[in-house]
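Numbering (the UniProt record's numbering), first residue to last: 1 to 104.
What follows is the structure, encoded as structure tokens:
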């Protein structure tokens, strides 16, 4: 199966091209800055304040608890099987992608 193409912002703007650093050349300060910028972007996208985050998390936990309380044992087994399959697929993809960068 071919890999999904990523829409690189570096191809679109010179600012993105200048900011792009290959991850194998990235130092820990760059990695931390990238993570902080990503967290900030996600926070802005969700448009929530730090006080709203715990409320959202509590609401999600309540909804999940309610859904799981009403599911049958068969539905629970199907959910667990699907989750295990999904995690296995993610693990394989991670290992394959990790090998691609390490093997170069």
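Glycine included, each C-beta is placed from N, C-alpha and C at the ideal position. None of the values given here were measured: they were computed from a predicted structure.
Under three-state DSSP, which class holds residue 72?
For the purposes of this step, residue 72 is taken as the residue at position 72 of the chain shown. The answer is coil: DSSP assigns residue 72 none of H, G, I, E or B.
Check residue 61 in the structure and name its three-state DSSP category.
Numbered from its first residue, the chain shown carries residue 61 at position 61. In this structure, residue 61 counts as helix in the three-state DSSP scheme.
By Cβ distance below 8 Å, which residues in the same chain neighbour residue 71 in space, the five residues on each side in sequence not counted?
Here the question's residue 71 lines up with position 71 in the chain shown. Taken in chain order, the residues that qualify are 79.
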